[in-house]
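Report on the structure given below.
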Amino acid sequence: MDAFFGDASGLVTFIEGKKLKPVAVTTAKRLPYLPDVPTLDESGIKGVHAENWYGIMVPAGTPPRVVQTLNEAIRKTLENKDVKASLAKMGLTPAPSTAAEFAGRIRADGDKWSKLIAERNVKPE
Numbered sequence: 000m001d002a003f004f005g006d007a008s009g010l011v012t013f014i015e016g017k018k019l020k021p022v023a024v025t026t027a028k029r030l031p032y033l034p035d036v037p038t039l040d041e042s043g044i045k046g047v048h049a050e051n052w053y054g055i056m057v058p059a060g061t062p063p064r065v066v067q068t069l070n071e072a073i074r075k076t077l078e079n080k081d082v083k084a085s086l087a088k089m090g091l092t093p094a095p096s097t098a099a100e101f102a103g104r105i106r107a108d109g110d111k112w113s114k115l116i117a118e119r120n121v122k123p124e
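Quick note on numbering: the sequence shown equals residues 0 to 124 in numbering that gives the first Met the number 0.
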């Protein structure tokens, strides 16, 4: 049996076309566009949580007012119902945040994966 982990949003077309059968998702909660697919937690594999995300970054030193203006425009766009619907068709769920919240997410993910890599002595091959 062939199996792999992949980005669910990039696989929606194949899932809908019955080319792939999703077994579980690595998110903490079920995905809105795959409501019948259980999480790994629900499948008995506890504590495996990995979510892909996309973010927009600006160069270090960008004035805070510029960051805030961009953030407000992006947030407004992501809250638009037509944009949400378009993203949902691609299997994407917008989760707008502040610059500080996003920076926290990056730090938390970096800490999580760095710890796992160190604990498991993962080496590049």
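Note that the Cβ used here is the ideal one computed from N, Cα and C, for glycine as well. The model shown is predicted, which means the values in this text are computed figures rather than measured ones.
8 angstroms contact criterion, which residue i and residue j should meet: CB distance rounded
i	j	result
T68	P31	No, T68 and P31 are not in contact; Cβ-Cβ is about 30 angstroms, not under 8 angstroms.
Beta-carbon proximity of residue i to residue j, cut-off 9 angstroms
i	j	result
V127	G90	The structure shown does not extend to residue 127, since the chain spans only 0 to 124, so no value can be given for it.
V131	A107	The displayed coordinates of the chain run from 0 to 124. Any statement about residue 131 would go beyond what the structure contains.
E15	R29	no
P95	I116	no
L33	P21	yes
Pairwise C-alpha distance: residue j and residue i
i	j	result
E78	E118	39 angstroms
S8	K88	9 angstroms
F13	R64	42 angstroms
F101	K111	15 angstroms
D53	R104	Here residue 53 is Tyr; the residue named in the question, Asp, does not match the sequence. Using only the alpha carbons, I get a separation of about 11 angstroms.
T76	T61	21 angstroms
L86	S113	30 angstroms
E71	D6	28 angstroms
V36	V82	25 angstroms
A2	K80	35 angstroms
Buried versus exposed, by CB contacts within 10 Å (16 or more), residue i
i	result
R59	Per the sequence shown, the amino acid found at residue 59 is Ala instead of Arg. With fewer than 16 other Cβ atoms within 10 Å, it is exposed.
N131	The chain is shown from 0 up to 124; residue 131 falls before or after that span and cannot be answered.
N51	exposed
Residue i at chain C interface by Cβ criterion, 9 angstroms
i	result
E41	Looking at the structure shown, chain C is missing, and only one protein chain is on hand.
Inter-stretch contact at 8 angstroms, needing at least 3 Cβ pairs: the stretch 18-37 / the stretch 47-67
yes
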